[in-house]
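Report on the following structure.
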Amino acid sequence: MDFLIANFAEILFYCLAFLTVASAIGVVAFKSPVHAALSLLFCFVMVAALFLLRHAELLAAVQVLVYGGGIMVLFLFVIMLVNVKDLKLEQVFLSGIAPLAVIGGVLLGVLIAFGLVFGVLASGHGDGTALRSVDGDEIGNTEAIGAVLYTKYLVPFEVVSVVLLVAMIAAIVFGRRSAGLEGAGGGGGKTS
Amino acid sequence: MIDATHYVALSLILFCLGLVGVMMRRNFITVLMSLELMFNAVNLNLIAFSFRLSDLAGQVLAIFVITVAAAEAAIGLGLIIALVRLKDTVALDEADVMRG
Numbered sequence: 045m046d047f048l049i050a051n052f053a054e055i056l057f058y059c060l061a062f063l064t065v066a067s068a069i070g071v072v073a074f075k076s077p078v079h080a081a082l083s084l085l086f087c088f089v090m091v092a093a094l095f096l097l098r099h100a101e102l103l104a105a106v107q108v109l110v111y112g113g114g115i116m117v118l119f120l121f122v123i124m125l126v127n128v129k130d131l132k133l134e135q136v137f138l139s140g141i142a143p144l145a146v147i148g149g150v151l152l153g154v155l156i157a158f159g160l161v162f163g164v165l166a167s168g169h170g171d172g173t174a175l176r177s178v179d180g181d182e183i184g185n186t187e188a189i190g191a192v193l194y195t196k197y198l199v200p201f202e203v204v205s206v207v208l209l210v211a212m213i214a215a216i217v218f219g220r221r222s223a224g225l226e227g228a229g230g231g232g233g234k235t236s
Numbered sequence: 771m772i773d774a775t776h777y778v779a780l781s782l783i784l785f786c787l788g789l790v791g792v793m794m795r796r797n798f799i800t801v802l803m804s805l806e807l808m809f810n811a812v813n814l815n816l817i818a819f820s821f822r823l824s825d826l827a828g829q830v831l832a833i834f835v836i837t838v839a840a841a842e843a844a845i846g847l848g849l850i851i852a853l854v855r856l857k858d859t860v861a862l863d864e865a866d867v868m869r870g
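Protein sequences, first through last, are from chains A and B.
Quick note on numbering: the first sequence equals residues 45 to 236 in our numbering.
Quick note on numbering: the second sequence equals residues 771 to 870 in our numbering.
Structure, rendered in structure tokens:
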């Protein structure tokens, strides 16, 4: 029991990490997109919990709201819009690329790991107070992010709003029924 | 003590799983989901280093990454709708109109 209390943060991290990786494997391996989507939702919530462990309270809330609430609903809407017979593919993976994909993934992973680990080994360990302070006053993570976001990072913030606007217009254009795409596929296209 | 290295390892596993999913899966919807996994791995890294370096810039950048991920999801799902209208399928290797 003492061990459990003394190492609570470590045990919590390892449990959350295990569940995150397990649900991520589920996303990649599940045949049905609905199962993959639910697995992905679970993964998002676990990642939000991991954010909490690193004193990123606002980010955890945003993760659950935007990913869990927004993006997942979008995915499920599309799954709902697509015909059931089109949704489940008999052949799950692309043919011929599997070994290449695995080798590429592992190589890239090793590369990133080396770069990141060697990059930060020199620095010390943080304690999280700086993440909730504004000008030395300890007030809260959300206030601190707001103070930085609307002063130092105001221009990127505005640029990102333009990105969202462009994405919205693009999604509407793609989703339009009279987009001039029908029948352009040279056979196999649906004429509606 | 859990430090940034643990988070790097976890985000690495997540990123590689996402990458393998993007490269191997045949279903367009699942490919987009794997892409979201990769975004999540990046965010985990940003948060871990934001804590380690006691710098809020990582968290602000993570907010931007989430915003761009939302935009990407909207466009990608619009593309899925267009593909299904055009081809009646979500299989990526059947979207070969522009293949030479």
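Heads up, the beta-carbon is just placed ideally off N, CA and C, and yes, glycines get one too.
All values reported here derive from a predicted model rather than from experimental measurement.
Rounded to the nearest whole angstrom, the C-alpha separation of B/Asp866 and B/Phe798 is 13 Å.
Cβ neighbours of A/Phe95 within its own chain (closer than 7 Å, five residues either side excluded): Leu103, Ala104 and Gln107. Around the beta carbon of A/Tyr197, 16 or more other beta carbons lie within 10 angstroms, which makes this residue buried. Under the 9 Å criterion on CB atoms, A/Glu182 is classed as non-interfacial with respect to chain B. Residue nearest to A/Val136 within the set B/Val801, B/Ile850 and B/Leu849 is B/Val801 (criterion: CA-CA distance). In this structure, the beta-carbon distance from B/Leu847 to A/Ala81 does not fall below 9 Å. At a C-beta separation below 8 Å, A/Glu54 has these neighbours in chain B: Met771 and Ile772. Just so you know, the alpha carbons of A/Leu60 and A/Ile69 end up roughly 14 Å apart.
Around the Cβ of A/Pro77, a 10 Å sphere holds 16 or more other Cβ atoms; the residue is buried. Along the segment 67-91 of chain A, going in chain order, the ones with a CB nearer than 9 Å to a CB of chain B are Ala68, Ile69, Val71, Val72, Ala73, Phe74, Lys75, Pro77, Ala80, Ala81, Ser83, Leu84, Cys87, Phe88 and Val91. A direct Cα-to-Cα measurement between A/Ala145 and B/Ala844 gives close to 26 Å. For B/Leu780, the closest C-alpha among the options A/Gly172, A/Glu187, A/Ile189 and A/Ala157 is that of A/Ala157. Inter-residue distance for A/Ile189 and A/Val89 is about 21 Å (C-alpha atoms, whole angstroms). With fewer than 16 other Cβ atoms inside 10 Å of its own Cβ, A/Ile147 counts as exposed. Cβ-Cβ distances below 7 Å link B/Leu789 to Met808 in the same chain, with the five nearest sequence neighbours on each side left out; the list follows chain order.
Within chain B, the residues whose beta carbon sits less than 8 Å from that of A/Ala174 are Ser824, Asp825 and Leu826, listed in sequence order. The beta carbons of B/Val778 and B/Asn813 sit no closer together than 9 Å. Within 7 Å of the CB of A/Gly112, no CB atom of chain B is found; the nearest one sits about 11 Å away.
Sorting B/Phe821, B/Ala861, B/Met803 and B/Arg796 by C-alpha distance to the C-alpha of A/Val117 places B/Met803 at the top. The three-state reading of DSSP puts A/Ser205 in helix, counting H, G and I together. Assignment of beta-bridge partners to B/Arg795 by DSSP yields A/Phe137. Collapsing the DSSP output to three states places A/Ser177 in a strand. Contact of A/Ile156 with chain B is assigned, a C-beta pair being separated by under 9 Å.
At least one C-beta of chain B is nearer than 9 Å to the C-beta of A/Ala211. For B/Ser824 and B/Ala818, the gap between their C-alpha atoms comes out near 10 Å. Counting only Cβ-Cβ distances below 8 Å, A/Ile123 has contacts in chain B at Ile799, in chain order. For B/Arg796, the nearest beta carbon of chain A is closer than 9 Å to its own beta carbon. If you check the CB distance, A/Val110 and B/Ile850 do not come in under 9 Å.
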